[in-house]
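Just below is one structure, and these are the notes that go with it.
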Amino acid sequence: MGPAGDAARPGRFFGVYLLYCLNPRHRGRVYVGFTVDPARRVRQHNGGRKKGGAWRTSGRGPWEMVLIVHGFPSAVAALRFEWAWQHPHASRRLAHVGPRLRSEAAFVFHLRVLAHMLRAPPWARLPLTVRWLRADFRRELCPPPPPHMPLAFGPPPPGASATRRRAGPLADPESEPDQDAEASCALCARSFQDEEGPLCCPHPGCHLRAHMICLAEEFLQEEPGQLLPLEGQCPGCKNSLLWGDLIWLCRMGAEEEEEDLELEEEHWTDMLET
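The sequence shown maps to residues 1 to 274 in the UniProt record's numbering.
Below, the structure is given as structure tokens:
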């Protein structure tokens, strides 16, 4: 499937968003949720429970989606982030974040929690993007996000991540290496087993194929105290690679999706809490 086909598939996007209530009677209320389709999700919230919105937002609109964090490797990863953002007092990873102050607006408090989440493991090592959908709501996060997490503005470009990551050797059949010649790991020379797909460098012209554990060990030579790499240099083309991008590309090569990407945040949350 070419880039245009990938861009039409919503399953390439996992986001955790912050809603802000514009209703004068409830102005200042906020809501944190998960979505694979931000535009559709905000319509559901403003349409009420009959349109698929959450019960806590139903009848209190209009709601505006002002911020979204995206780039999660899976729906489950995004949902765990959502739960911690909703319940910072119950998350052991956020024990250092103080409770909401009496004079602190809900919006400001949620931004404070988010800032600390982006610096806390395991989220600090994910290839996330912090995107402001409303520039007039923008606030500086303190502490700021890690250097590898970009700040973006405006609506997420449809299918941008799928298009960008497909623009490597796997997207061009003529640049495919001979399968028999590339049937072994470039780092350990062992063959790949049927149940484990190789990690492939997405840069054009680079045909690196390696076991996940071999490439992880290669990347972690620069960070010996870590369990999960953040980024590293491709042993083949020497370009810088984000670990999250490599895992995403490997997952997209699977024949079946692991999640039903049309499921929205309330149903997923119910499954996780049972």
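Idealized CB from N, CA, C, for every residue including glycine. None of these values were measured; they are calculated from a predicted model.
In its own chain, which residues sit with a C-beta less than 6 angstroms from the C-beta of residue i, not counting the 5 before and 5 after it?
{"i": "residue 117", "result": "123"}
{"i": "residue 125", "result": "228 and 230"}
{"i": "residue 71", "result": "127, 128 and 129"}
{"i": "residue 91", "result": "84"}
{"i": "residue 216", "result": "229"}
{"i": "residue 34", "result": "16, 78, 79, 82 and 265"}
{"i": "residue 69", "result": "16, 128 and 130"}
{"i": "residue 121", "result": "none"}
{"i": "residue 138", "result": "132"}
Have a look at the DSSP bridge pairing and note the partners of residue i.
{"i": "residue 68", "result": "17 and 131"}
{"i": "residue 210", "result": "199"}
{"i": "residue 98", "result": "Residue 98 is not bridged to any residue."}
{"i": "residue 34", "result": "16"}
{"i": "residue 103", "result": "According to DSSP, residue 103 bridges with nothing at all."}
{"i": "residue 74", "result": "DSSP output for residue 74 lists no bridge partner at all."}
{"i": "residue 63", "result": "21"}
{"i": "residue 191", "result": "184"}
What's the call for residue i, buried or exposed, on a 16-neighbour Cβ count within 10 Å?
{"i": "residue 188", "result": "exposed"}
{"i": "residue 43", "result": "exposed"}
{"i": "residue 199", "result": "buried"}
{"i": "residue 219", "result": "buried"}
{"i": "residue 154", "result": "exposed"}
{"i": "residue 75", "result": "buried"}
{"i": "residue 213", "result": "exposed"}
{"i": "residue 186", "result": "buried"}
{"i": "residue 234", "result": "buried"}
{"i": "residue 25", "result": "exposed"}
{"i": "residue 162", "result": "Bear in mind that a pLDDT of 40 at residue 162, under 50, signals an unreliable position, so the model cannot answer this."}
{"i": "residue 151", "result": "exposed"}
{"i": "residue 278", "result": "Past the boundaries of the shown model lies residue 278; the chain is included only from 1 to 274, so the question cannot be answered."}
{"i": "residue 38", "result": "buried"}
{"i": "residue 225", "result": "exposed"}
{"i": "residue 239", "result": "exposed"}
{"i": "residue 82", "result": "buried"}
{"i": "residue 232", "result": "buried"}
{"i": "residue 28", "result": "exposed"}
{"i": "residue 136", "result": "exposed"}
Secondary structure at residue i, three-state DSSP: helix, strand or coil?
{"i": "residue 126", "result": "coil"}
{"i": "residue 79", "result": "helix"}
{"i": "residue 108", "result": "helix"}
{"i": "residue 233", "result": "strand"}
{"i": "residue 120", "result": "coil"}
{"i": "residue 153", "result": "strand"}
{"i": "residue 242", "result": "strand"}
{"i": "residue 215", "result": "helix"}
{"i": "residue 140", "result": "coil"}
{"i": "residue 114", "result": "helix"}
{"i": "residue 26", "result": "coil"}
{"i": "residue 220", "result": "helix"}
{"i": "residue 47", "result": "helix"}
{"i": "residue 89", "result": "helix"}
{"i": "residue 41", "result": "helix"}
For residue i, which residues from the same chain have a beta carbon less than 8 angstroms from its beta carbon, with the 5 sequence-adjacent residues on both sides left out?
{"i": "residue 100", "result": "106 and 109"}
{"i": "residue 113", "result": "85, 88, 94 and 97"}
{"i": "residue 237", "result": "201, 203, 205, 206 and 208"}
{"i": "residue 22", "result": "61, 62, 63 and 64"}
{"i": "residue 30", "result": "18, 19, 20, 21, 106, 107 and 110"}
{"i": "residue 190", "result": "184 and 211"}
{"i": "residue 243", "result": "125, 127, 216, 219, 228, 229, 230, 231 and 232"}
{"i": "residue 144", "result": "115"}
{"i": "residue 255", "result": "Because residue 255 carries a pLDDT of 36, less than 50, the predicted location of this residue cannot be relied on, and no value is offered for it."}
{"i": "residue 288", "result": "This structure cannot settle anything about residue 288, because the visible part of the chain is limited to 1 through 274."}
Note down, in chain order, each residue of its chain lying with its Cβ closer than 7 angstroms to the Cβ of residue i, except the 5 sequence neighbours on either side.
{"i": "residue 146", "result": "118, 119 and 124"}
{"i": "residue 149", "result": "118, 128, 129 and 130"}
{"i": "residue 172", "result": "In this prediction, residue 172 scores a pLDDT of 41, lower than 50, which makes its location untrustworthy; no coordinate-derived value is stated."}
Looking at chain D, is there any beta carbon in it that lies within less than 9 angstroms of the beta carbon of residue i?
{"i": "residue 214", "result": "The displayed structure is made up of one protein chain only, and chain D is not part of it."}
Got a sec: does the ligand ZN put a non-hydrogen atom nearer than 8 angstroms to the Cβ of residue i?
{"i": "residue 79", "result": "The ligand ZN is not among the ligands present in this structure, which contains no ligands whatsoever."}
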